[in-house]
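Asker: Here it is, the structure in full.
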RNA sequence: GCCGAAGUGGCGGAACUGGUAGACGCGCUGGGUUCAGGGUCCAGUGGGGGUUACCUCGUGGGGGUUCGAGUCCCCCCUUCGGCACCA
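In this note's numbering, the protein residues as written are 1411 to 2237.
Dropping the structure here:
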């Protein structure tokens, strides 16, 4: 009897069957080719949203597809469990962050399971697990021992709302990445990781990341921000020492009319010491330093500065050059000091105009003369060097190298490189994070916690509400300890690590989540890494993906990993939007995955999110579209049920080859569909067109007569249906599995081989060509594939409509593109 | 300001190497089934013109290359993303 499609029953049924059969569990197998597929793990915020549904649906298509293609697929899932929202929620709900997080994980895991995702749950990790962060602390100490983790007092981005420090990457645009509150500057001792040591390699390796989107590579390249130039010494006048500047325009060296220092520059205090305006200068410096970064570096900020009273000497001309302090000079970039060339740098130009400093032209553009007093803005382009001593008359590009050589010969400068990338500040003044494993001893200083004492466990008993900041300093049992070196009373570090530290190495831990003898079990981690395909949001293009690349290189240098890059291929999926805006509670345009799955089932939810747009694009949510996907699955169900009798027929068991199985048209369509779906998944990740191809096949099948008596067409229909279920399985795993079994077939679909296609069947003996006359389509012609060019030409020209358009004209050319068209040029 | 991506029917999107623009889906129109609604099935669906055959215009705008341009080149407009005093 015919049974109708009920996703609620079949989805629960197959999820249970798959789990009982441990279908998704994988083991290392050196004899099989591995494929490591990873989606960015979620923060356990409470419940999954549509972005998760989309991300994991995309990943599951690839995982199931690769598995059916015979690869040994690792497809794990876990939880980015530390972080501020847990703390905020715990205070608000009078609970503990661990409890809140754990509850969320429980719920979200159940949601993911309801989606029928093919995760190996035996490898699940959560980063707040001491067995996980133990190895993070272990790695931190390794970094500390190598000088790659260090503490310094620094002006840091401080979020008043979150009461914590933020990395530059997390404070973009002067607002906190998490709460969007204002970010100000604060001087604090902070732990940093020396990512700048890896700047060059992080940049170089970008070129080898062929499987990454250009956009992401470009964003990382810009973020690292390498500039080539020179470091030049300007000897101080009347005292020892020199001001070192960094410039990318050493060709303009002869145009220097002053030098500008950042207010934070270490020489400032000494330089103003003898100035009559000393106190005025220092109060200016203090005012600028205390200014928060947002205002200071804000758009259109006025150029301000003050004369220090000191002078230096031009390294080549020995002219006297005044030294200024200027608000626009950044202390962290280059040397914190710049040579000012008002004629050829817009900032210096504005500053010179403001303070009446001289402007000296040293580069002239092609066929033009620049008059310093007539300039309305700096000329920053290329040209010929003038007023530049022995370099005058030279193209400026050439002069760049020549000037470096000259400076090097005088020991007054050298070629140099500067990066925009800064070291990664990882200290967070929060409770819910991995403790930094350092002990401060009054006599020994900062001492790492001995390896055998790890993990430094986050204390469970804390009073979160007592202090607006971190609860850890208020926790005497945690803070008070003894020095591992001298046994004297000492204090623990109470900062915890930025949660981006956990996500910088989790992908490697999935290879051996249970391993307790070390951070990684070498044979397993070497087998699985690198991740073959990583999938997640483009919002992680800089922060997470850069940190993970950095950690991978560090771990490689420590001998923990053999790979230098963590993610071979990267897919950045677009946002899920509704009514033109990203889904968010504040906009009130969220669609709840729970309700969706309850109403239509996981297969429909997955199918729609895959069908509505290709993965890298934003997906416009449409409730009507969801119904369309649901209708399609119902059609598939009815179609298979309609032809189920063909599979139950006794007798003709002997298989026919697809070519023998009439109807040939259907057989061809089936194989063309297999080809299309396979290539769309494998080469392009264009699941929307893959699904549309399956729809076309089912549409064709739907038009066929209900009763098929003859054996040959029946075989073609059976082959088409069998293939269709295999092709559909990565997108809609439950319904395809159910129908597969309803046809009396054995085994899970995931263990079936992905269907192949017969290329011979796709070769056609006749093709229809388009006939164009002067670029316009004027007819069609069906010819045999091996027809001679001349025959095709003659046949095309003989067509009545072609005759109409060529009458009285001269045929100038006839272009024949085999399999495509005949193009006739007539004048 | 600099760098990058994208603009295709009423809508989401196809068109992969320059070769029939609009696959597939949504929506809409007409019809069958039904007491009715829903569901389902059939037909149609870019604009303009014509009784059909068909003609013509059409991929943000303007130019160009080509037998042929959504696709390549130049200029411009709009939207989105990234960076933003980086010397």
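Backbone N, C-alpha and C fix where the C-beta goes; we use that ideal spot for every residue, glycine too.
Please report the Cβ distance between residue 2153 and residue 2057, rounded to the nearest whole angstrom; I am assuming they are in contact, meaning their Cβ atoms lie under 8 Å.
Answerer: Within the first chain, residue 2153 is the residue found at index 743, counting from 1. Within the first chain, residue 2057 is the residue found at index 647, counting from 1. Indeed, because the Cβ distance is near 5 Å, the residues count as touching under 8 Å.
Asker: Tell me the rounded alpha-carbon separation between residue 1470 and residue 2167.
Answerer: Reading the first chain from its first residue, position 60 is the one you call residue 1470. Reading the first chain from its first residue, position 757 is the one you call residue 2167. The alpha-carbon atoms of residue 1470 and residue 2167 are separated by roughly 23 Å.
Asker: Can you give the Cα-Cα distance for residue 1722 and residue 1731, rounded to whole angstroms?
Answerer: For the purposes of this step, residue 1722 is taken as the residue at position 312 of the first chain. For the purposes of this step, residue 1731 is taken as the residue at position 321 of the first chain. Whole-angstrom Cα-Cα distance: 5 Å.
Asker: If I follow the unbroken alpha helix (DSSP H) through residue 1484, where does it start and stop?
Answerer: By 1-based counting over the first chain, the position of residue 1484 is 74. No alpha helix (DSSP H) contains residue 1484, which is instead part of the beta strand (DSSP E) from 1482-1484.
Asker: Whole angstroms are fine: how far does the CA of residue 2140 sit from the CA of residue 1972?
Answerer: Position 562 of the first chain holds residue 1972. Position 730 of the first chain holds residue 2140. Rounded to the nearest angstrom, the two C-alpha atoms are 32 Å apart.
Asker: Counting C-beta neighbours from all protein chains within 10 Å, is the total for residue 1657 16 or more, i.e. buried, or is it exposed?
Answerer: Within the first chain, residue 1657 is the residue found at index 247, counting from 1. By the neighbour-count rule (16 or more Cβ atoms within 10 Å), residue 1657 is buried.
Asker: By a C-beta neighbour count over all protein chains shown, 10 Å radius and 16 as the cutoff for buried, is residue 1820 buried or exposed?
Answerer: Position 410 of the first chain holds residue 1820. Its Cβ having fewer than 16 others within 10 Å, residue 1820 is exposed.
Asker: Can you name, in chain order, every residue of its own chain whose Cβ lies under 6 Å from the Cβ of residue 1514, other than the five neighbours on each side?
Answerer: Against the first chain, residue 1514 aligns to sequence position 104. Closer than 6 Å at the Cβ level, and outside the excluded window around residue 1514, lie 1454 and 1456.
Asker: Determine the burial state of residue 2023: buried for a count of at least 16 other Cβ atoms within 10 Å of its Cβ, exposed for fewer.
Answerer: Start at 1 with the first residue of the first chain, and residue 2023 comes out as number 613. It is buried - the Cβ of residue 2023 has at least 16 other Cβ atoms within 10 Å.
Asker: Which same chain residues, not among the five before or five after residue 2173, have their C-beta less than 8 Å away from its C-beta?
Answerer: Sequence index remark: in the first chain, residue 2173 carries index 763 (1-based). Cβ neighbours of residue 2173 beyond the five flanking positions: 2195.
Asker: If you drop the 5 nearest sequence neighbours on each side, which residues of the same chain put their C-beta closer than 7 Å to that of residue 1810?
Answerer: For the purposes of this step, residue 1810 is taken as the residue at position 400 of the first chain. So the list reads 1660 and 1661, once near-sequence residues are dropped.
Asker: Tell me, please, whether the stretch 1616-1633 touches the stretch 1980-1988 by the rule of three or more beta-carbon pairs shorter than 8 Å.
Answerer: Touching, per the Cβ criterion.
Asker: Answer with buried or exposed for residue 1727, where buried requires no fewer than 16 other C-beta atoms within 10 angstroms of its C-beta.
Answerer: Looking up residue 1727 in the first chain gives position 317. Residue 1727 should be labelled exposed.
Asker: Quick check: what's the CA-CA separation for residue 1559 versus residue 1642?
Answerer: Translated into the one-based positions of the first chain, residue 1559 becomes position 149. Translated into the one-based positions of the first chain, residue 1642 becomes position 232. Spanning the two alpha carbons is a distance of roughly 30 Å.
Asker: Use the C-beta contact count for residue 1943: other C-beta atoms within 10 angstroms, 16 or more gives buried, fewer gives exposed.
Answerer: The residue labelled residue 1943 in the question sits at position 533 within the first chain. Buried, since its Cβ has 16 or more Cβ neighbours within 10 Å.
Asker: If you measure between the beta carbons of residue 1425 and residue 1865, is that distance less than 7 Å?
Answerer: In the first chain, the residue the question calls residue 1425 occupies position 15. In the first chain, the residue the question calls residue 1865 occupies position 455. Their beta carbons are not under 7 Å apart, which means residue 1425 does not touch residue 1865 by this criterion.
Asker: In this structure, does DSSP put residue 1423 in helix, strand or coil?
Answerer: In the first chain, the residue the question calls residue 1423 occupies position 13. Helix at residue 1423.
Asker: Throw me the rounded Cβ distance for the residue 1646 and residue 1653 pair, which I believe falls under 8 Å.
Answerer: Here residue 1646 refers to the residue found at position 236 of the first chain. Here residue 1653 refers to the residue found at position 243 of the first chain. With 8 Å as the limit, residue 1646 and residue 1653 qualify as a contact, their Cβ atoms being about 7 Å apart.
Asker: Mind checking who residue 2177 pairs with in its DSSP beta bridge?
Answerer: Numbered from 1 along the first chain, position 767 holds the residue referred to as residue 2177. Looking at the DSSP assignment, residue 2177 forms a beta bridge with 2193.
Asker: Distance, Cα to Cα, residue 1822 vs residue 1745?
Answerer: Indexing the first chain from 1 puts residue 1822 at position 412. Indexing the first chain from 1 puts residue 1745 at position 335. Each residue's Cα considered, the two are about 15 Å apart.
Asker: Just to confirm my understanding: we take residue 2083, look at its own chain, exclude 5 residues before and 5 after, and list those with CB closer than 8 Å. What are they?
Answerer: Residue numbering aside, residue 2083 sits at position 673 when the first chain is read from its first letter. If we look at residue 2083 and ignore the five residues flanking it on each side, its Cβ neighbours are 2103, 2104, 2106, 2107, 2133, 2134 and 2137.
Asker: Could you give the DSSP three-state label for residue 1637: helix, strand or coil?
Answerer: Here residue 1637 corresponds to residue number 227 of the first chain, with the count starting at 1. DSSP places residue 1637 in strand when its eight states are reduced to three.
Asker: Is it the case that the stretch 1525-1536 contacts the stretch 2009-2023, given that we only count it when at least three CB pairs across the two stretches are under 8 Å?
Answerer: Because the criterion of three Cβ pairs below 8 Å is met, the stretch 2009-2023 and the stretch 1525-1536 touch.
Asker: So what does DSSP say about residue 2140, is it helix, strand or coil?
Answerer: By one-based count along the first chain, residue 2140 stands at place 730. Of the three classes helix, strand and coil, the one that applies to residue 2140 here is coil, per DSSP.
Asker: Give me the DSSP bridge partner(s) of residue 1892.
Answerer: Taking the first residue of the first chain as 1, we reach residue 1892 at position 482. DSSP, once it has assigned bridges, lists 1899 as partnering residue 1892.
Asker: Alpha carbon to alpha carbon, how far is residue 1898 from residue 1870?
Answerer: Within the first chain, residue 1898 is the residue found at index 488, counting from 1. Within the first chain, residue 1870 is the residue found at index 460, counting from 1. Whole-angstrom Cα-Cα distance: 25 Å.
Asker: Kindly give me the distance between the Cβ atoms of residue 1920 and residue 1484, rounded to whole angstroms, as I take these residues to be in contact under 8 Å.
Answerer: Residue numbering aside, residue 1920 sits at position 510 when the first chain is read from its first letter. Residue numbering aside, residue 1484 sits at position 74 when the first chain is read from its first letter. About 7 Å separates the two Cβ atoms, so the contact holds.
Asker: Is there contact here, the stretch 1562-1571 with the stretch 1932-1947, by at least three beta-carbon pairs under 8 Å?
Answerer: With the cut-off at 8 Å, the stretch 1562-1571 and the stretch 1932-1947 do not touch.
Asker: Is residue 1420 closer than 7 Å to residue 2144 when the C-beta atoms are compared?
Answerer: What you label residue 2144 is simply residue 734 of the first chain in a count that begins at 1. What you label residue 1420 is simply residue 10 of the first chain in a count that begins at 1. Yes, these two residues count as a Cβ contact at 7 Å.
Asker: Quick one: grab the DSSP three-state call for residue 2053.
Answerer: Counting from 1 along the first chain, the entry for residue 2053 is found at position 643. Residue 2053 falls in the helix class under three-state DSSP.
Asker: In whole angstroms, what separates the C-alpha of residue 1533 from that of residue 1494?
Answerer: Working through the first chain from its first residue, we reach residue 1533 at position 123. Working through the first chain from its first residue, we reach residue 1494 at position 84. Residue 1533 and residue 1494: Cα-Cα distance of roughly 25 Å.
Asker: Pull up the distance between the alpha-carbon of residue 1411 and that of residue 1467, whole angstroms please.
Answerer: For the purposes of this step, residue 1411 is taken as residue 1 along the first chain, with counting starting at 1. For the purposes of this step, residue 1467 is taken as residue 57 along the first chain, with counting starting at 1. In this predicted model, residue 1411 has a pLDDT of only 49, less than 50, meaning its place in the structure is not dependable; the value taken from the coordinates is given anyway. Looking at the two C-alpha atoms, the distance is approximately 33 Å.
Asker: Go to residue 1776, then tell me how far its beta strand (DSSP E) extends in each direction, as first and last residue.
Answerer: Residue mapping note: residue 1776 aligns to position 366 of the first chain, counting from 1. Neither: residue 1776 is in no beta strand (DSSP E) and is coded neither H nor E.
Asker: Using C-beta distances below 6 Å, list every residue in its chain close to residue 1608, excluding the 5 sequence neighbours before and after it, in chain order.
Answerer: Here residue 1608 refers to the residue found at position 198 when the first chain is read from its first residue. Excluding residues within five positions, the ones whose Cβ falls inside 6 Å are 1960 and 1963.
Asker: Within a Cβ cutoff of 8 Å, which residues of the same chain sit near residue 2203, ignoring the five residues on either side of it in sequence?
Answerer: For the purposes of this step, residue 2203 is taken as the residue at position 793 of the first chain. For residue 2203, where only same-chain residues beyond five positions count, the Cβ hits under 8 Å are 2224, 2226 and 2232.
Asker: Take the Cβ of residue 2109 as the centre, count every other Cβ of all protein chains shown within 10 Å, and call the residue buried at 16 or more, exposed below.
Answerer: Looking up residue 2109 in the first chain gives position 699. Exposed.
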